[in-house]
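Step one of this worksheet: look at the structure below.
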Amino acid sequence: MDGEPVNKKRRTTPDVAQGEPATLAGESTADALLLPANGNPADTAAATAAPALTTNGNESQATDSQPTPLDQVPDEDHAAPPSTAAGAHAKPLSALFKAKTPSPKKKRVPGGKPLTRVGSNLREDNKENFTELLARLNQDNAIEEQEKWARPAAPKLNPQRDGIVFQQIDIEEHTAAGGAPTIRAFGVTQKGNSVLLHVKGFLPYFWVAAPRGFTNSDCLPLMEHLNTAHFNGGRPISNVTLANKRSLWGYKGDSVSPFIRVEVVDTKQYPKVRNAFERGEVQFKDYFDGSSLMTFESNIAYTLRFMIDHHILGMNWLELKPGRWEHSKSPVSNCQYELECQHNDLISHAAEGDWSGVAPLRILSFDIECAGRKGIFPEAEIDPVIQIANMVTRQGDSKPFIRNIFTLNTCAHIVGSEVLEFKREQDLLSKWRAFVEEVDPDLIIGYNTSQFDIPYLMDRAKALRVTDFPFFGRLKGVKTEVKETHFSSKAYGTRDSKETNMDGRLQLDILQVMQRDYKLRSYTLNSVCAHFLGEQKEDVHHSVITDLQNGNAESRRRLAVYCLKDAYLPQRLMDKLMCFINYIEMARVTGIPFNYLLSRGQQIKVISQLYRQALKTGYVIPALKQEGSDEQYEGATVLEPEQGYYDVPIATLDFASLYPSIMQAHNLCYTTLLDARIAQTLGLREDEDYVKTPNGDLFVKEHKRKGLLPTVLQDLLSARKRARAELKQEKDPFKRAVLDGRQLALKISANSVYGFTGATIGKLPCLPISMSTTAYGRQMIDTTKKEVEGRYNTANGYDYDATVIYGDTDSVMIRFGCPDLETAMKLGAEAAEYVTSKFIKPIKLEFEKVYFPYLLISKKRYAGLYWTKPDKYDKMDTKGIETVRRDNCRLVVTVIDTCLRKMLIERDVKGAENYAKQVISDLLQNKVDLSQLVITKALAKADYAAKQAHVELAERMKKRDAGSAPAMGDRVAYVIIKGTKDARAYEKSEDPLYVLENNIPIDTKYYLENQLSKPLMRIFEPIMGERASSLPRFHLPLRRTDNACLSVAGDHTRTVTIIAPTSGGLMSFAVKRVTCLGCKTPLKPNALNQAVCNNCRPKTAELHAKQVALTSQAETAFARLWTQCQRCQGSLHQDVLCTSKDCPIFYMRKKAQKEAVDSVATLQRSDGQTSSTSRKTSTRLPSTKPSLRNKPKLFSLSKPIRAKKFEGGSLSSAEA
């Protein structure tokens, strides 16, 4: 039947949703009759009597095995055969027939003949009953199939008797009939039922300063005038009132002023009403003469205005009391409850205590696979969607309760997952949409789903004319559409993105989370999982996916397993990093809707908090025009570092929340900013009533008026202190995660307030606040240095003179001179307490750590062993050094990290020097693996002032294959190849895989001079000092500083020369030159089958034996890497298809593969010329692109190669 799956192979795991075991893979309704549910012998006999039915041509088999628990699903390599045991839903056969089932044994009647044996044949009068029963069970099974994915049934509620409490997850604006605005709040109850609440009666408004003489009696005439004069009697303005308020901007004494509140009933007319005041179009009596007026709070979104006025936070709990709500008369959604209420009947609970929990939200993580054409990235208009994998989890659970995959064509059974097969792609898409509607997820996640998966599905359904597909929201009939967006934020960077409307559902693209919150070298799913989960995944190139799909059920099963893992990994990443919980707490702390967190920057978070505090204290906030300013201000102080290597403890003192504490201590705020003329008018006195900041600005002191920003900061930091205290006492893991996410969100929120005031292109910039804050910060660093050095010296009885060797924004590094850690820690704690007493509360200097030893290279560049306890160091800490920078190749990171460890941990400077020389030698002799030379840089914008290597490469890659070329926001991986003498670096950038496949030589000199030399010099010079000049120097010294020269030239700089093109283009490499195996003399062009020249012919046998050994080594190296990749992919019996460019082993494998193929080809030439020695290759290696049909025969190794060896150990590919 069209639209139904070809075959449903149901998972062998318990149905967690219903709390009962699920039916099994490949089980039909009739299959459920084959085994009893309760073990009754009579039922068993009846079961054996029933005929075995088949599904899709496969005979169902009965077994006594039980359903496999989800957490005990075996690995793919050791998977048990699929179980077909009947689930608990199967009823005893004897209970299903009208007539009793006869006993299987013969019984004699006294004086009579034996009764007829029934056996496996049913009596005639039961056949009709059996047919009816089978039809009924098929119908029941279809209902069960639908219900197993659905939410729990929703109990009926009586509006007059019952209340309702739910966690709102999404709040949006809606315009009702007539233009009246309403709020739609989607949410979930504690029992997991979905809710849509329509909130009515709340109108948007703004404020205007009332002119002198304006009274309450003028409000109604003004409203009538506005409706008549500007809107032809349309009456968009519903009310005008008068209230006493204060403007947020500037201190003008304690007096309040009258402000006019204008309420607008039609949101479409709201901008026009506001503009009428701002443009001076309002003329009313003598009050408004046509002059332009500033409006207040007119530029805030209606949804956020509603949340602020009703004290609603993002993702908090809402309550409706009995009698305060009613069922919606015209439901518009698929939610289980659809309710209506008036806005003043809604109760909002602060996210604290019992109200800090999270509802059992349903989370759908999915991934799709498409069958593209060779060399072309999939296009939705042409290339089909062949698989969609789904994992559904409840918030708080560790395992999915639904694991399934929708496949086009047949697919072999997958242990622990349900396989749904479809003949037509249209049916696959249509049924997947129905699946999403049935599961009804609250949160949809994936990896790059917002940019690729969802838009592709939409475009594909459109191309196939699947008209019922683009409806994924909870509102009936509202079409889901994808639109292009451009996101720009100073904190998060710039990127082009796509947004998809799914009303009532949250979307969280884990790729965007990674890009916003973490600085990584690469953002591919494989690289991110390796970094955070410590494991890698098979990365199948899009060109291979079509081959797998066009194979058989087993090859499609391999693709399905790959797809299922890609659907599960985003869920694991989200759980591991707690990003969903952290985002929930950030929404609660800042008071903004959850979807703002990914679509908006930092400013909206501060604005929300500022408006909330203003509402409490009677302030109104001016709606300033966003006009950028070129005005710059001086940043924080960085004391000039005393560069060097310190083999004594260096104590580090840090200011706790420096900028927030400065703003609190000195009462820096919009509301306390004082004009000099007003100070004189009000008779205020400097230092008593107000302070003059080091920047020259004036702010009143707290006893005159406490600022709004200091109040916001105090609330945030106090809440964080409480959260951390609760975190220490809490034992429940989930509650601990919530509290930890909350304290982190509070910290980030407090630190962002300073940046908000300094954003010249923003909602409410105020440079006097930001400039004064940094000025105080510079002053405090200088004061700390002065106080420490003035107290801790020999003149005051201490053994040594303390020296502040470096100060960086909010921390200072102090050398007390003592040789032991305990004394340094004691003095550090004492100094922190002493200096804190010199500052105004709540400014606090804290002792946190000691560095020993400590390498201070320059401003914001240092490294050292990090100690918090004297008995053992915590870690090696680095800042600004190449170990943490992403714009260097892996070689630099590995070399610098190893050298630092030898210097700081092993205290072996000579060993570090020798190691650096060895790496340089390997580099120049082309022994370093290509994976160590890959550089990654972000493609941040389309146009750069100067040509960049990664940008030019992206353009070249686009010409080769537009589908797989990097897009804006991606990080581009490249290497520098040899070019012409005067070639620029951007002309020599190339894709690493392209380099391997085409055997293009690397520019090792570029890597030595532009990547490796400067970082090495930076870490060696402070340590070696004058001794650096004693190192052997040859023709290539890199740098001289203070007569100290560390040369990376010498015996270790001998190179292996590879011919580079002498003119533009790389076609000079295309000429195939055959050389002699002995003397490497070029052979004649027609000597392709010749191995040696005439001079070396006497040594043919010797050279042949040598080539046999080399070929064997090459084959062994490739076999080891191949086996390692097989272990990573989870099977030793399948070809390796992985093409992960983030994995070092991938490049090693490709290189070893090419070397082995070339070596075999050379050996075949030698075989043709050798008569005394004949060797047939024992190993058939795959081509440079793995084939699905020709699996290579590989050597068996007792000890496979380990991935760690290539990441952190030897850099030489020769050792592979």
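The end of the sequence shown is residue 1216 by the UniProt record's numbering, with every number in the run present. Every residue gets a Cβ at the ideal spot worked out from N, C-alpha and C, and that includes glycine. The structure displayed is predicted, hence computed values, not measured ones.
Legend entry - Complete alpha helix (DSSP H) runs within the region 597-677 (minimum length 4 residues, chain order): DSSP runs (the alpha helix (DSSP H)) wholly in the region 597-677: 603-617 and 658-665.
Legend entry - Whole-angstrom distance between Ala-351 and Pro-593, CA atom to CA atom: Near 14 Å, if we compare the C-alpha coordinates of Ala-351 and Pro-593.
Inset, instruction - Starting from the C-beta of Leu-293, find all residues in its chain whose C-beta is less than 8 Å away, skip the five residues before and the five after it, and write them out in chain order. - result: Once the five neighbours on either side are set aside, the close Cβ partners of Leu-293 are Val-208, Ala-209, Phe-277, Glu-278, Gly-280 and Val-282.
Inset, instruction - Within 10 angstroms of the Cβ of Gly-504, are there 16 or more other Cβ atoms? Answer buried if so, exposed if not. - result: The residue is buried, with at least 16 neighbouring Cβ atoms inside 10 Å.
Legend entry - Cβ neighbour criterion (16 or more within 10 Å) applied to Leu-930: Its Cβ being crowded by 16 or more others within 10 Å, Leu-930 is buried.
Legend entry - DSSP state of Asp-877 mapped onto helix, strand, coil: Collapsing the DSSP output to three states places Asp-877 in a strand.
Legend entry - First through last residue of the beta strand (DSSP E) which encompasses His-310: Taken as a continuous stretch (DSSP letters only), His-310 belongs to no beta strand (DSSP E), as it is neither H nor E.
Inset, instruction - Name the two residues that bound the continuous beta strand (DSSP E) containing Asn-244. - result: Residues 237-247.
Legend entry - Phe-206 (DSSP reduced to helix, strand or coil): Looking at Phe-206 - three-state DSSP - the assignment turns out to be strand.
Inset, instruction - Spell out the partners DSSP gives His-198 in its beta bridges. - result: As DSSP reads the structure, His-198 sits in a beta bridge with Arg-184 and Glu-340.
Legend entry - Beta-carbon contacts of Val-691 that lie in its chain and below 7 Å, excluding the five residues immediately before and after: The answer, listed in chain order, is His-666, Phe-699 and Lys-701.
Inset, instruction - Could you give the DSSP three-state label for Asp-367: helix, strand or coil? - result: Strand, per DSSP.
Legend entry - N-terminal and C-terminal residue of the beta strand (DSSP E) that residue 1218 is part of: Here the chain covers residues 1 to 1216 and nothing more, so residue 1218 does not appear.
Legend entry - residue 1219 versus Ser-356, Asn-1010, Val-753 and Thr-393, residue with shortest Cα-Cα distance: This structure leaves residue 1219 out entirely; the chain is present only between 1 and 1216.
Legend entry - Same chain only: Cβ atoms within 8 Å of Ala-750, ignoring 5 sequence neighbours per side: Excluding sequence neighbours, Ala-750 sits near Ser-657, Pro-660, Leu-713, Leu-716, Leu-717 and Arg-720.
Inset, instruction - Quick one: using the 10 Å Cβ neighbour count with 16 as the cut-off for buried, is Thr-1111 buried or exposed? - result: Counting Cβ neighbours within 10 Å, Thr-1111 comes out buried, since at least 16 surround it.
Inset, instruction - In the DSSP assignment, find the unbroken alpha helix (DSSP H) run with Asn-404 in it and report its ends. - result: Element bounds for Asn-404: not the alpha helix (DSSP H) but the beta strand (DSSP E), 402-408.
Inset, instruction - Taking Pro-1001 and Ile-977 to be in contact with their CB atoms under 8 Å, please state how far apart those CB atoms are, rounded to whole angstroms. - result: Going by Cβ atoms, the distance from Pro-1001 to Ile-977 rounds to 7 Å, so yes, they are a contact pair.
Inset, instruction - Using only alpha-carbon positions, find the residue among Leu-548, Arg-572 and Pro-470 that is nearest to residue 1222. - result: Residue 1222 cannot be examined here, being either before or after the span of the chain that is shown, 1 to 1216.
Legend entry - Alpha-carbon spacing of Thr-757 relative to Thr-652, whole angstroms: Distance between the alpha carbons of Thr-757 and Thr-652: 29 Å.
Inset, instruction - With a cut-off of 8 Å on the beta carbons, I'd call Phe-377 and Asp-991 a contact; round off their distance for me. - result: Cβ atoms of Phe-377 and Asp-991 stay farther apart than 8 Å, at about 15 Å.
Legend entry - Own chain, CB closer than 8 Å to Val-256, minus 5 neighbours either side, in chain order: Asn-244, Lys-245, Arg-246 and Gly-618.
Inset, instruction - Check whether the region 393-412 touches the region 470-487, taking contact to mean three or more Cβ pairs, one atom from each stretch, closer than 8 Å. - result: Contact between the region 393-412 and the region 470-487 is not established, with fewer than three Cβ pairs separated by less than 8 Å.
Inset, instruction - Go ahead and pull the three-state DSSP assignment for Leu-739. - result: Assignment of Leu-739 by DSSP, reduced to helix, strand and coil, places it in the helix class.
Inset, instruction - Assign Tyr-1007 to one of three DSSP states: helix, strand, or coil. - result: Three-state DSSP puts Tyr-1007 in a helix.
Inset, instruction - Run the proximity test for Tyr-251: is its beta-carbon closer than 7 Å to any non-hydrogen atom belonging to the ligand GDP? - result: For the ligand GDP, the structure offers nothing, since it holds no ligand at all.
Inset, instruction - Compare the beta carbon distance of Glu-554 and Ala-412 with 8 Å and say whether it is the shorter of the two. - result: Note that the C-beta distance between Glu-554 and Ala-412 is below 8 Å.
Inset, instruction - Spell out the partners DSSP gives residue 1290 in its beta bridges. - result: As displayed, the chain neither begins before 1 nor continues past 1216, which places residue 1290 out of reach and without an answer.
Legend entry - Residue range of the unbroken alpha helix (DSSP H) whose run includes Pro-1015: Residue range 1013-1024 is occupied by the alpha helix (DSSP H) that includes Pro-1015.
Inset, instruction - For Phe-734, count neighbouring C-beta atoms within 10 Å of its own C-beta (all shown protein chains included) and say buried if the count is 16 or more, exposed if not. - result: It is exposed - the Cβ of Phe-734 has fewer than 16 other Cβ atoms within 10 Å.
Inset, instruction - Identify whether residue 1223 lies in helix, strand or coil by the three-state DSSP scheme. - result: In the structure displayed, the chain extends from 1 to 1216; residue 1223 sits before or after that span and is not available.
Inset, instruction - From the DSSP output, in three-state form, read off Met-223 for me. - result: Annotated three-state conformation of Met-223 is helix, per DSSP.
Inset, instruction - Measure the CB-CB distance between Val-439 and Ile-405 and report whether it falls below 8 Å. - result: No, the pair does not count as a contact, with Cβ atoms beyond the cut-off.
Inset, instruction - Could you tell me whether the Cβ atoms of Gly-446 and Ile-510 are closer together than 8 Å? - result: Contact: yes.
Inset, instruction - Taking the CB atoms as reference points, tell me whether Arg-261 and Tyr-205 lie closer together than 8 Å. - result: Closer than 8 Å, so yes.
Legend entry - Chain-order list of residues whose beta-carbon lies under 6 Å from that of Leu-464 (same chain, five-residue window excluded): Cβ within range, chain order: Gln-426.
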